[in-house]
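There are 4 protein chains.
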Amino acid sequence: MRSRQALASEFIGTAMLLATVVGSGIMGERLAGGNVAVALLANTLATGAALIALIATFGPRSGAHFNPLVTLIEVAFKRLGWATACAYLVAQVLGAIAGVMAAHTMFELPLLMQSTHVRTGPHQWWSEAVASFGLLTVILNVAKTRPDFVPVAVGSYITAAYWFTASTSFANPAVTIARSLTDTFSGIQPADVPGFLLAQFAGAALAFALFTWLETDHSKQHENHV
Amino acid sequence: MRSRQALASEFIGTAMLLATVVGSGIMGERLAGGNVAVALLANTLATGAALIALIATFGPRSGAHFNPLVTLIEVAFKRLGWATACAYLVAQVLGAIAGVMAAHTMFELPLLMQSTHVRTGPHQWWSEAVASFGLLTVILNVAKTRPDFVPVAVGSYITAAYWFTASTSFANPAVTIARSLTDTFSGIQPADVPGFLLAQFAGAALAFALFTWLETDHSKQHENHV
Amino acid sequence: MRSRQALASEFIGTAMLLATVVGSGIMGERLAGGNVAVALLANTLATGAALIALIATFGPRSGAHFNPLVTLIEVAFKRLGWATACAYLVAQVLGAIAGVMAAHTMFELPLLMQSTHVRTGPHQWWSEAVASFGLLTVILNVAKTRPDFVPVAVGSYITAAYWFTASTSFANPAVTIARSLTDTFSGIQPADVPGFLLAQFAGAALAFALFTWLETDHSKQHENHV
Amino acid sequence: MRSRQALASEFIGTAMLLATVVGSGIMGERLAGGNVAVALLANTLATGAALIALIATFGPRSGAHFNPLVTLIEVAFKRLGWATACAYLVAQVLGAIAGVMAAHTMFELPLLMQSTHVRTGPHQWWSEAVASFGLLTVILNVAKTRPDFVPVAVGSYITAAYWFTASTSFANPAVTIARSLTDTFSGIQPADVPGFLLAQFAGAALAFALFTWLETDHSKQHENHV
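Chains as they are written, first to last, in this note's numbering: chain A, 3 to 228; chain B, 3 to 228; chain C, 3 to 228; chain D, 3 to 228.
So this is what it looks like as structure tokens:
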């Protein structure tokens, strides 16, 4: 069932997501006259809204993962084979990089750059772990009980997470890698990428464990007490 | 039916709500360059969006109260026993405090602080009473006629209430207690907590009375006139 | 079927709407440091969000008109009798004034004031006519084809209309009367109220005519050509 | 089935869309005190919200195209005849111009002006191609799998696209032509219109090709492998 169409959907969807993240960051910073909060408000509004539109658009074709954490958890639940998952991961990373290139072209910048934006240290890693834990917890639970609401739930969650984490919530390894290739508002210097990825995987693993516990234990209790 | 899973959901949901309220307040204030309106816009956007995502996520597991006022009204309607309710209240308060600690850690602050933010006086108490009355009126009515819309209705209501009340609408005793433990944008000094709690209980009691009257009387009229 | 509960719902809903409009205007202006656009953004966000929550809350009880234009059009369609309609209008105007008083009390202002905010002239009247025409067109069409979407459609429409009209879109006679009683951001001086009301009725009448034509003619064409 | 009612709906809907785009641009610029980001935030919020309300309002009557790109793709899919399509295009362009006139009248400006806002060059054209490709991809896919979500998906997409493209995402030939007639925030000088139109058609053609491939190929693969 997973097909070239699904891979194309992951590629295009992730590309449009990154074009939004990077492009709206550049636009926000250029227009905000030095007020970083206003720039981040624009960046937030654009990213949250884009997620609503893109997940609704590509959800029926590929699941609209756009995020290796989601794909790997689908593998862990045995809802996706490793072969398909690897193809998804490649499509996501290449799509993310293509999205950065698309944004740079719109704003008259080099196709790719090397970011010099420092984002490191335990506080940033903790932020990414919390952000990723929250994102996956939202996705796993809402996808199970109310799949039609996933676009709005994810868009809303990321809108919040841009502001409540010190890292502005990357929460996505493909996004993180691609954002190391832009030296603009939303960039992260390449040296800081591994720390972010590790924190993201840790947060996602915790969300996986929580969801499994919430699901498993509940049925036991159902047998014992009802 | 109420289970360890429900309590965990209340704990985690309230923790993420407080991480959002406190974290986005810190981020907003740090970035806004002294424009308090811009900081509060960021705080508002994040909190409203988080409520949409979190209520959709944990609603099917615990009812997604995240608020002692909601739990106590469920008891008043005899839809929740006292034992479960007490466990809910503990989970909410502990979760709220954990959320403040999570936010402080992200922003390199002490785990807990004592707030020095003065919020007191009849105008503030009236604000909290109105805010709590409105919140519970929205929840009780929408939960009855259109439960799927509760996440959006509550997120929208709080978005409005952050701006139309002079207190920025705490409207939640667990949130109020936890916010006394942060000396940042969203804090409230401990001495001012009891006044807020009393006002919140009064507002919730009024919402309970209104809803009961709206429900009871209507059926009588139905018998008499139709 | 229309009952004391419906009237109470109109009263409370309109009161909360006005508390939002006036309260968030005061809060926005106080915090925005002189940037009127930021104050109006806060006012807009709060009002649009409040409409989503309040219409969802009171829609099943009273239709959630909160607006004499809506009530009068229901009379024109013979879906509401004159007696009920008059009671609705009284509840809306009294509720609106109560909402202004609630907001003033929150922000430590006199219970009622006389506005000195000049809003007059053909450009303002044209703005109100367009705003009211649009509002009623949205309500009539969406209520017919997709009633569950009315809260979001109306909240979204008013969010837009605050910005695309020169009058910030009152589009509601009860709101207009009540806003003459606050000398704050959202006020309108009493002398300018009649012009606004006339323009609003004209816009609503046009929306009524358009909707009637859209409905009637279509069925004729259906008979002739299909 | 396409009728005078549908044409009136396209005319009025496109007029209200343009009144929103142009009017909120003027209001944003006048109030923002020189902060272009704040002005564009207001413009974005208004436009995205208007699209949600207007598509929900007129969708059942005309399909709520408001955009020649959408109409032409309906022709390409043979869901609309050329005669109706031409009438739609005329209604959209005239409606768009009427909307600009309505906005100018609200803000005490001449009925129509000639824009002097330069928007040209390969980066702008690339922006418009990306914006139009994205818009049509969202519309085609969401309209197929989840038509009720189209208003929210389109409103969200345009909210994002105002910020992630360097051109602020016109993505609509009728809108582009009409915006050449306003010398305000949202204008485009007439000489730059043809470049925008060509880029928009190219982006829409690509979206059409992608959607066709996504649809066609998938069924083939279904026959071969499942």
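Glycine included, each C-beta is placed from N, C-alpha and C at the ideal position.
Small disclaimer: the values here were computed from a predicted structure and weren't measured.
Residue i - DSSP class collapsed to helix/strand/coil
{"i": "V120 of chain D", "result": "coil"}
{"i": "L47 of chain B", "result": "helix"}
{"i": "V228 of chain A", "result": "Bear in mind that the predicted position of V228 of chain A carries a pLDDT of just 37, short of 50, making it too unreliable to give a figure here."}
{"i": "R81 of chain A", "result": "coil"}
{"i": "Q223 of chain C", "result": "Its pLDDT being 49, under 50, Q223 of chain C is placed unreliably in this model, and the value from its coordinates should be taken loosely. Note: Q223 of chain C maps to helix in three-state DSSP."}
{"i": "L9 of chain D", "result": "helix"}
{"i": "L113 of chain A", "result": "coil"}
{"i": "G36 of chain B", "result": "coil"}
{"i": "I229 of chain D", "result": "What the structure shows of chain D is the stretch from 3 to 228, and residue 229 of chain D is not part of that stretch, so it cannot be assessed."}
{"i": "G197 of chain C", "result": "helix"}
{"i": "G65 of chain B", "result": "coil"}
{"i": "S26 of chain D", "result": "helix"}
{"i": "L42 of chain C", "result": "helix"}
{"i": "L183 of chain A", "result": "coil"}
{"i": "A89 of chain B", "result": "helix"}
{"i": "A173 of chain D", "result": "coil"}
{"i": "M3 of chain C", "result": "Caution applies to M3 of chain C, whose pLDDT of 44 falls short of 50 and renders its modelled position unreliable; the model cannot decide the point."}
Within 9 angstroms, strictly: CB atoms of residue i and residue j
{"i": "A78 of chain D", "j": "V140 of chain C", "result": "no"}
{"i": "N174 of chain C", "j": "L96 of chain C", "result": "no"}
{"i": "F187 of chain D", "j": "E31 of chain D", "result": "yes"}
{"i": "L142 of chain D", "j": "A48 of chain D", "result": "no"}
{"i": "T184 of chain D", "j": "V195 of chain D", "result": "no"}
{"i": "A44 of chain B", "j": "A39 of chain A", "result": "yes"}
{"i": "S134 of chain B", "j": "Q202 of chain B", "result": "yes"}
{"i": "A51 of chain A", "j": "A66 of chain D", "result": "no"}
{"i": "A176 of chain C", "j": "Q94 of chain C", "result": "yes"}
{"i": "R181 of chain D", "j": "V102 of chain D", "result": "yes"}
{"i": "G25 of chain A", "j": "T167 of chain D", "result": "yes"}
{"i": "A17 of chain B", "j": "W215 of chain A", "result": "no"}
{"i": "G37 of chain B", "j": "G35 of chain C", "result": "The sequence shown places Asn at residue 37 of chain B, not Gly. Result yes, Cβ atoms of N37 of chain B and G35 of chain C sit closer than 9 angstroms."}
{"i": "G197 of chain D", "j": "S117 of chain D", "result": "no"}
{"i": "T73 of chain B", "j": "L91 of chain B", "result": "yes"}
{"i": "L20 of chain A", "j": "A100 of chain A", "result": "yes"}
{"i": "V23 of chain C", "j": "T59 of chain D", "result": "no"}
{"i": "A8 of chain A", "j": "R63 of chain A", "result": "yes"}
{"i": "V156 of chain C", "j": "L53 of chain C", "result": "yes"}
{"i": "F68 of chain C", "j": "L138 of chain C", "result": "no"}
{"i": "T147 of chain B", "j": "G15 of chain C", "result": "no"}
Nearest-angstrom beta carbon gap, residue j and residue i [assumed within contact, 8 angstroms]
{"i": "I57 of chain D", "j": "P153 of chain D", "result": "4 angstroms"}
{"i": "E110 of chain B", "j": "H125 of chain A", "result": "5 angstroms"}
{"i": "R121 of chain A", "j": "S171 of chain A", "result": "Contact doesn't hold; Cβ gap of about 12 angstroms is too wide."}
{"i": "T46 of chain B", "j": "W165 of chain B", "result": "7 angstroms"}
{"i": "L42 of chain A", "j": "L42 of chain D", "result": "With 8 angstroms as the limit, L42 of chain A and L42 of chain D do not qualify as a contact, their Cβ atoms being about 14 angstroms apart."}
Within-9 angstroms CB hit, residue i to chain F
{"i": "F60 of chain D", "result": "The chain inventory of the structure shown lacks chain F, comprising the protein chains A, B, C and D."}
Cβ-based contacts, 8 angstroms cut-off: residues of the segment 77–110 of chain D near chain C: Residues passing the 8 angstroms Cβ filter: A104, A105, T107, M108, F109, E110.
Interfacial residues, the segment 43–54 of chain A to chain D, with Cβ spacing under 9 angstroms: Of all residues in the segment 43–54 of chain A, those with a C-beta nearer than 9 angstroms to a C-beta of chain D are L43, A44, N45, L47, A48, T49, G50, A51, A52, L53, I54, reading in chain order.
Can you give me, in chain order, the residues of the segment 145–156 of chain A that have a beta carbon less than 8 angstroms from any beta carbon in chain B? The residues in question are T147, R148, F151, V154, A155, V156.
Could you give the uninterrupted runs of the alpha helix (DSSP H) lying entirely in the segment 115–170 of chain C, keeping only those of 4 residues or more? If we require 4 residues or more, the alpha helix (DSSP H) runs fully inside the segment 115–170 of chain C come out as 124–147, 152–166.
Can you give me, in chain order, the residues of the segment 110–143 of chain A that have a beta carbon less than 8 angstroms from any beta carbon in chain B? From the segment 110–143 of chain A, only H125, W128, S129, V132, G136, T139, V140, N143 have a Cβ closer than 8 angstroms to chain B.
Report the residues of the segment 14–33 of chain C with a CB closer than 7 angstroms to any CB of chain B, ordered along the chain. So the list reads M18, A21, T22, G25, S26, M29, G30, L33, given in the order they occur along the chain.
Along the segment 159–178 of chain D, where does the CB come closer than 7 angstroms to a CB of chain A? Name the residues. Look at the segment 159–178 of chain D: the residues with a C-beta under 7 angstroms from a C-beta of chain A are Y159, T161, A162, W165, F166, T167, A168.
Beta carbons nearer than 8 angstroms to chain C: which residues of the segment 194–207 of chain B have them? Per Cβ criterion, the list is empty.
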